[in-house]
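A.B. asks: Have a look at the structure that comes next, please.
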Amino acid sequence: MTTAHNAETLLSILTGEMEWFWDTECNWITFKKDGTGHLRCGAGLCIFISADFEWKLVNPDFLDQVHDTTVTTSNRRKEHSQLISQFDVEITLFKRRPELFCDPRWISIPINDYNLGDEAFRPKRYTIRLEKGNFFSPGCVQQGTEWDPWYALRLTFDKSPYPPKQEWKRPDGPQIHNPFWELVEFCGRSLPMVKKQGWSSCIAS
Numbered sequence: 233m234t235t236a237h238n239a240e241t242l243l244s245i246l247t248g249e250m251e252w253f254w255d256t257e258c259n260w261i262t263f264k265k266d267g268t269g270h271l272r273c274g275a276g277l278c279i280f281i282s283a284d285f286e287w288k289l290v291n292p293d294f295l296d297q298v299h300d301t302t303v304t305t306s307n308r309r310k311e312h313s314q315l316i317s318q319f320d321v322e323i324t325l326f327k328r329r330p331e332l333f334c335d336p337r338w339i340s341i342p343i344n345d346y347n348l349g350d351e352a353f354r355p356k357r358y359t360i361r362l363e364k365g366n367f368f369s370p371g372c373v374q375q376g377t378e379w380d381p382w383y384a385l386r387l388t389f390d391k392s393p394y395p396p397k398q399e400w401k402r403p404d405g406p407q408i409h410n411p412f413w414e415l416v417e418f419c420g421r422s423l424p425m426v427k428k429q430g431w432s433s434c435i436a437s
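Below, the structure written as C-alpha cells:
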C-alpha cells in the first residue's frame with residue numbers, strides 16, 4: 233500500500249502540515265506559506281516557548297523544486313528513510329506572545345522572553361534534511377506498538393530549532409525535564425497505525 237501523495241513542491245511539503253512533531257503533546261514546529269511559522273516547546277502542563285517566527289530559504293529557488301513524496305506503507309516493521317531534499321533556512325523567533333496566550337486565562341503563563349535571553353531572538357541559520365519513509369514520533373520511548381504514531385515525512389535540523397542551552401535563562405531549572413536544545417527531528421504526515429501488542433509512552437508528556 234502507498235500514500236496518495238506524489239509530486240509536490242518543497243513549499244507545499246513544508247507548509248502542507250499543520251505541525252511537524254517531535255512528540256504529539258507539546259513540541260512541534262509549523263511553517264506557513266506567508267513566510268511565518270510557530271515554534272512550541274513544553275512538557276506536561278508547562279509551556280516554555282510559544283513563539284511566532286519568520287522564515288526564509290537561503291536559496292528561494294528550492295521552494296519550487298518538485299519532489300516525489302510517495303511512500304510504501306506495506307510490511308512496515310521498522311523505520312526507513314530516503315532523502316528528498318536538503319536546504320538552508322533562516323529563522324527569526326519573535327518575543328511577542330501569540331494571540332492565544334494574550335487571553336486573560338493564559339496571560340500569566342511565562343513563555344518566550346521570560347525563559348529565553350535576547351540572543352534567542354536573533355536570526356539563525358539551519359541546514360534541514362527532508363526525508364520520506366516510515367518514521368516514529370521521535371518523542372516516544374517505546375517504539376513499534378499499536379499506539380505509536382507513524383509518519384511519512386521527517387525534517388532533521390543540523391542543530392535544534394529550540395535555542396541552545398546558553399540562551400535559556402534557567403536551563404537547569406526544576407521544570408526543565410528535557411534538553412529541548414538537543415531536539416532536531418520533527419515528523420509530519422501521519423500514516424495508519426500498525427496494530428501490534430504493547431504500550432507506549434512519550435517522554436515529554
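Numbered as in this note's numbering, the sequence shown ends at 437 without a single skipped number. Don't be surprised by glycine CBs; every beta carbon is placed ideally from N, CA and C.
So T324 and P355 are in contact, right, with Cβ under 8 Å, and what is the actual spacing, rounded?
C.D. replies: Translated into positions along the sequence shown, residue 324 becomes position 92. Translated into positions along the sequence shown, residue 355 becomes position 123. With 8 Å as the limit, T324 and P355 qualify as a contact, their Cβ atoms being about 5 Å apart.
A.B. asks: Are the beta-carbon atoms of T302 and N366 separated by less than 7 Å?
C.D. replies: Reading the sequence shown from its first residue, position 70 is the one you call residue 302. Reading the sequence shown from its first residue, position 134 is the one you call residue 366. No. Outside cutoff.
A.B. asks: Would you mind giving the Cβ-Cβ distance between K364 and I316, rounded to the nearest angstrom? I have them listed as a contact below 8 Å.
C.D. replies: Locating residue 364 in the sequence shown gives position 132, where the first residue counts as 1. Locating residue 316 in the sequence shown gives position 84, where the first residue counts as 1. That belief holds up - the Cβ atoms of K364 and I316 are roughly 5 Å apart, short of 8 Å.
A.B. asks: Give the straight-line distance between the Cα atoms of L289 and R328, rounded to the nearest whole angstrom.
C.D. replies: Locating residue 289 in the sequence shown gives position 57, counting from the first residue. Locating residue 328 in the sequence shown gives position 96, counting from the first residue. Going by the C-alpha atoms only, they are around 23 Å apart.
A.B. asks: First and last residue of the beta strand (DSSP E) that includes P324?
C.D. replies: As a first step, residue 324 is located in the sequence shown; it is residue number 92 there, counting from the start. Here residue 324 is Thr; the residue named in the question, Pro, does not match the sequence. Unbroken beta strand (DSSP E) run through T324: H312 to L325.
A.B. asks: Pull up the CB-CB distance for E417 and T388, whole angstroms please, since I reckon it's below 8 Å.
C.D. replies: In the sequence shown, counting from the first residue as 1, residue 417 sits at position 185. In the sequence shown, counting from the first residue as 1, residue 388 sits at position 156. Confirmed, about 5 Å.
A.B. asks: Spell out the partners DSSP gives R361 in its beta bridges.
C.D. replies: The residue given as residue 361 occupies position 129 in the sequence shown. Paired residue(s): Q318 and T388.
A.B. asks: Would you report the Cα separation of E322 and L348, rounded to the nearest angstrom?
C.D. replies: Indexing the sequence shown from 1 puts residue 322 at position 90. Indexing the sequence shown from 1 puts residue 348 at position 116. Whole-angstrom Cα-Cα distance: 19 Å.
A.B. asks: Report yes if the C-beta distance between Q318 and R361 is below 7 Å; otherwise report no.
C.D. replies: In the sequence shown, residue 318 corresponds to position 86, counting from 1. In the sequence shown, residue 361 corresponds to position 129, counting from 1. Cβ atoms of Q318 and R361: closer than 7 Å.
A.B. asks: Would you tell me roughly how many angstroms separate the C-alpha atoms of A236 and G420, rounded to the nearest one?
C.D. replies: Mapped onto the sequence shown, residue 236 falls at position 4. Mapped onto the sequence shown, residue 420 falls at position 188. Annotation note: pLDDT 48 at A236 (below 50); position unreliable, coordinate value reported separately. If you take the alpha carbons of A236 and G420, they lie about 15 Å apart.
A.B. asks: In its own chain, which residues sit with a C-beta less than 7 Å from the C-beta of A352, not counting the 5 before and 5 after it?
C.D. replies: One-based indexing of the sequence shown puts residue 352 at position 120. The answer, listed in chain order, is L325, P395 and E399.
A.B. asks: According to DSSP, simplified to helix, strand and coil, what is K401?
C.D. replies: Stepping through the sequence shown from its first residue, residue 401 is reached at position 169. Looking at K401 - three-state DSSP - the assignment turns out to be coil, as it is neither helix nor strand.
A.B. asks: Alpha carbon to alpha carbon, how far is K397 from F333?
C.D. replies: One-based indexing of the sequence shown puts residue 397 at position 165. One-based indexing of the sequence shown puts residue 333 at position 101. Straight-line Cα distance between these residues: approximately 24 Å.
A.B. asks: Do you know how far the Cα of E286 is from the Cα of H299?
C.D. replies: Position 67 of the sequence shown holds residue 299. Position 54 of the sequence shown holds residue 286. Roughly 24 Å between the two C-alpha positions.
A.B. asks: Are the CB atoms of P370 and W254 nearer to each other than 7 Å?
C.D. replies: Start at 1 with the first residue of the sequence shown, and residue 370 comes out as number 138. Start at 1 with the first residue of the sequence shown, and residue 254 comes out as number 22. Result yes, Cβ atoms of P370 and W254 sit closer than 7 Å.
A.B. asks: Count the other CB atoms within 10 Å of the CB of T359; is the residue buried (16 or more) or exposed (fewer)?
C.D. replies: Looking up residue 359 in the sequence shown gives position 127. Classification for T359: exposed.
A.B. asks: Please classify I408: does DSSP put it in a helix, a strand, or coil?
C.D. replies: Counting from 1 along the sequence shown, the entry for residue 408 is found at position 176. If DSSP states are grouped into helix, strand and coil, I408 belongs with coil.
A.B. asks: Going by the beta-carbon positions, is the gap between S282 and I343 smaller than 7 Å?
C.D. replies: Position 50 of the sequence shown, counted from the start, is the residue given in the question as residue 282. Position 111 of the sequence shown, counted from the start, is the residue given in the question as residue 343. Taking 7 Å as the Cβ cut-off, S282 and I343 qualify as a contacting pair.
A.B. asks: What number of angstroms, rounded off, separates the C-alpha of C273 from the C-alpha of F412?
C.D. replies: As a first step, residue 273 is located in the sequence shown; it is residue number 41 there, counting from the start. As a first step, residue 412 is located in the sequence shown; it is residue number 180 there, counting from the start. When rounded, the distance between both Cα atoms is 8 Å.
A.B. asks: Helix, strand or coil: which one does DSSP assign to T241?
C.D. replies: Your numbering for residue 241 matches position 9 in the sequence shown. Three-state result, T241: strand.
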